[in-house]
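**Student:** Numbering (full-length UniProt numbering), first residue to last: 1 to 381.
For each residue, glycine too, the CB sits at the ideal point set by N, CA and C.
Here it is, the structure, as C-alpha cells.
Next comes the structure, spelled out in C-alpha cells:
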C-alpha cells in the first residue's frame, strides 16, 4: 500500500478546487466491452502471481498447520487469534489498510456528494464501493492493531481520515472520513474472523457503513466477505463474496449488489429500487466495470486513484500506527531480521496482559458492586 508523506505532497487550495471541479463534471465512461483486468483469476477474483510472496505466505501457513493442525483445517479455529510471523505480514497496520478504501473518494464520492439527484447519488456510491475493491486488494496480512491504536491521514482534496482500534477480542476498528468542506461524513465499524478449510480461508466481515450528506440524506450498507482459495497449492486467489444491501430511507431508495452472477465469480448483479419499483439493473465485475441499465459508470482502465497522505509527525498522536515499535524496527532493520519480530511479540504480550487486567477488573466489579476505583494489587491475575 503506497502512501506519501505530508511533506512530499502538501495540501493546497488550488489542488482541492481542481479535484472538486473534476467531481462536479463527472461523466460516465465511454469504454465498452466485457472487460476484465489482465491477470485476474480465470475463475474470478484477484490472482496472486508474485512467487516470492506466495512462498512466504505458504511457509507461514504450513508452520501454523504443524502447530495446530486439525483445529486449523477443520474450520474450528479463528485465525485472527493466531500470531502471524512479521516477515510474512504487511509492513503496515490494518488501520492504514482500512484508510485505503478512500483512495477513490476525491473523484467519485465527491461527485456523489455534489449531485442533488438521489438516484444519481446512490449510483455513484455503488460505483465507489465497487471500484475500490481492486484498489484495496492485498494478500499480505496487515498487522493487527493494538487496543487504542489510531491512524490519521488526509487526501489531496482535504478529506480527513480518522481510524481507531476499539476492541481487541474480537478485533473491531472504527473509521471516520470527513469529505472536503464537510460535503459528506462516512463512518463504519468492522471486525473480522477467519476460518481455514483444506486449501482455503473464509474471512467473515462484520459491521456496517453509513454516509451522511449535507442535505440530510443518510445511506447505510453492510460489508462483504472474503474467500481466499488455493492457500497451500495452486494459484492463490482472493474473491470478494456475498451481497451488499443499501438503504436510503429519506428518498425511499434501496439497492443491492451480489457477486457470483456468472460462473466466473467476480461478476456481479444487482438493482436499484425506489418506492419498491426497480428502476435500474446493475451488472459488471469488480475486475473490470460497473453498469446501470447498460450505461458504464466505472471502467478499471480509467480508475482514478489518489494517495493517502499521513498526518505530519508534529501532530501525530503517540498511539498512531506509525509509532508502533515493530514498524519502527522494520524501517531500521531488514524485515526478515529478528528485531521487528521481537518487537511485535512485545506488543502482543502487552495486549494479552491488558486483556487479563480488563477481565480481572470486570470480575472484581461483579464481586464488589458499586466499586468506582480498583486497586490493581487486589486483582487476581
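At which residues does the alpha helix (DSSP H) containing residue 362 begin and terminate?
**Tutor:** Against the chain shown, residue 362 aligns to sequence position 362. 338 to 367 is the span of the alpha helix (DSSP H), which, as asked, contains residue 362.
**Student:** Let me confirm a value: residue 330 is counted as buried when at least 16 other C-beta atoms fall within 10 Å, else exposed. Which label applies?
**Tutor:** Taking the chain shown and counting its residues from 1, the one referred to as residue 330 is at position 330. Result: buried.
**Student:** Please say whether residue 286 and residue 299 have beta carbons closer to each other than 8 Å?
**Tutor:** Mapped onto the chain shown, residue 299 falls at position 299. Mapped onto the chain shown, residue 286 falls at position 286. No. Outside cutoff.
**Student:** According to the Cβ coordinates, are residue 132 and residue 94 closer than 8 Å?
**Tutor:** Looking up residue 132 in the chain shown gives position 132. Looking up residue 94 in the chain shown gives position 94. Not closer than 8 Å, so no.
**Student:** CA-CA distance, residue 377 and residue 346?
**Tutor:** For the purposes of this step, residue 377 is taken as the residue at position 377 of the chain shown. For the purposes of this step, residue 346 is taken as the residue at position 346 of the chain shown. In a straight line, the C-alpha of residue 377 is about 23 Å away from that of residue 346.
**Student:** Please name the residue in 168, 62, 51 and 157 whose C-alpha comes closest to that of residue 356.
**Tutor:** Position 356 of the chain shown holds residue 356. Considering only alpha carbons, the answer is 168.
**Student:** Go ahead and pull the three-state DSSP assignment for residue 175.
**Tutor:** Against the chain shown, residue 175 aligns to sequence position 175. DSSP places residue 175 in strand when its eight states are reduced to three.
**Student:** Compare the C-alpha of residue 115 against each of 185, 191 and 23 and name the closest.
**Tutor:** To locate residue 115, count along the chain shown from 1; it is residue 115. Per the Cα distances, 23.
**Student:** CB residue 128 to CB residue 112, shorter than 8 Å?
**Tutor:** Taking the chain shown and counting its residues from 1, the one referred to as residue 128 is at position 128. Taking the chain shown and counting its residues from 1, the one referred to as residue 112 is at position 112. Yes.
**Student:** Could you check the C-alpha separation between residue 26 and residue 108 for me, to the nearest Å?
**Tutor:** Position 26 of the chain shown, counting from 1, holds the residue named residue 26. Position 108 of the chain shown, counting from 1, holds the residue named residue 108. Roughly 8 Å between the two C-alpha positions.
**Student:** Buried or exposed: residue 283, going by 16 or more other Cβ atoms within 10 Å of its Cβ?
**Tutor:** Here residue 283 corresponds to residue number 283 of the chain shown, with the count starting at 1. Its Cβ being crowded by 16 or more others within 10 Å, residue 283 is buried.
**Student:** Beta carbon of residue 216, beta carbon of residue 250: below 8 Å?
**Tutor:** Taking the chain shown and counting its residues from 1, one reaches residue 216 at position 216. Taking the chain shown and counting its residues from 1, one reaches residue 250 at position 250. The answer is yes: Cβ separation under 8 Å.
**Student:** Quick check on residue 144: buried or exposed, where buried means 16 or more other Cβ atoms within 10 Å of its Cβ?
**Tutor:** Reading the chain shown from its first residue, position 144 is the one you call residue 144. Residue 144 comes out buried.
**Student:** Determine the DSSP secondary structure at residue 247, reduced to helix, strand or coil.
**Tutor:** The count along the chain shown starts at 1 and reaches residue 247 at position 247. In the structure shown, residue 247 sits in a strand (DSSP, three-state: E or B).
**Student:** Excluding five sequence neighbours on each side, which residues of the same chain lie with their C-beta closer than 8 Å to the C-beta of residue 382?
**Tutor:** Outside the shown range of the chain (1 to 381) lies residue 382, about which nothing can therefore be said.
**Student:** Nearest-angstrom Cα distance between residue 165 and residue 320?
**Tutor:** Numbered from its first residue, the chain shown carries residue 165 at position 165. Numbered from its first residue, the chain shown carries residue 320 at position 320. The alpha-carbon atoms of residue 165 and residue 320 are separated by roughly 10 Å.
**Student:** Compare the beta carbon distance of residue 226 and residue 243 with 8 Å and say whether it is the shorter of the two.
**Tutor:** Taking the first residue of the chain shown as position 1, residue 226 is located at position 226. Taking the first residue of the chain shown as position 1, residue 243 is located at position 243. The answer is no: Cβ separation not under 8 Å.
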